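Take a look at the structure below.
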Amino acid sequence: MEQARERLGAERRLTLARLADLTSDFDAVIAASRDTNADDEHDPEGATIAFERSQVQALVRQARRHLEEIDAATERLDADTYGICENCGRPIGGGRLEARPVARTCISCAGKPRH
2 MEQARERLGA ERRLTLARLA DLTSDFDAVI AASRDTNADD EHDPEGATIA FERSQVQALV
62 RQARRHLEEI DAATERLDAD TYGICENCGR PIGGGRLEAR PVARTCISCA GKPRH
């Protein structure tokens, strides 16, 4: 489990760095739109700026969600439930956890449709 903790810690550090970069990118897009008189509706560049802003916002949300998943996985480690499928209670395969350290379900349950 110590290896899993190290992997999650490394993934958390990478995600925090990515989030910092994305936040900087978002600030730059906002600053660029403030420095121009771009009207998203009438300026040809406005649509591009709006798209970039939307794209960066989506990536920021994704990074924040991933941080939440990492923190939840760390909590499962602390509770000795890490590596146990939340659906069926069977162990999550080592290969799956190596590829996706935040996995909550085994491959079998992950492949089932959600309702």
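Using the working numbering, the first residue of the sequence shown is number 2, and each one after it goes up by one.
A virtual CB, placed ideally from N, CA and C, is assigned to each residue, including glycine.
This one's a predicted model, so the numbers in the text were calculated from it and none came from an experiment.
Enclosing alpha helix (DSSP H) for residue i [first to last residue]
| i | result |
| --- | --- |
| E99 | 95 to 100 |
| A111 | 108 to 111 |
Whole-angstrom distance between residue j and residue i, CA atom to CA atom
| i | j | result |
| --- | --- | --- |
| E12 | A18 | 10 angstroms |
| R6 | S25 | 28 angstroms |
| R14 | D79 | 19 angstroms |
Strand pairing of residue i, partner residues [DSSP]
| i | result |
| --- | --- |
| P92 | I85 |
Spatially closest choice to residue i from the options, by CA coordinates
| i | options | result |
| --- | --- | --- |
| C110 | A64, V103, C89, Q58 | C89 |
| I71 | E3, D81, L15, L9 | L9 |
| E53 | I31, E99, A73 | I31 |
| Y83 | P102, R66, G96 | P102 |
| S55 | T75, R66, I108, L23 | L23 |
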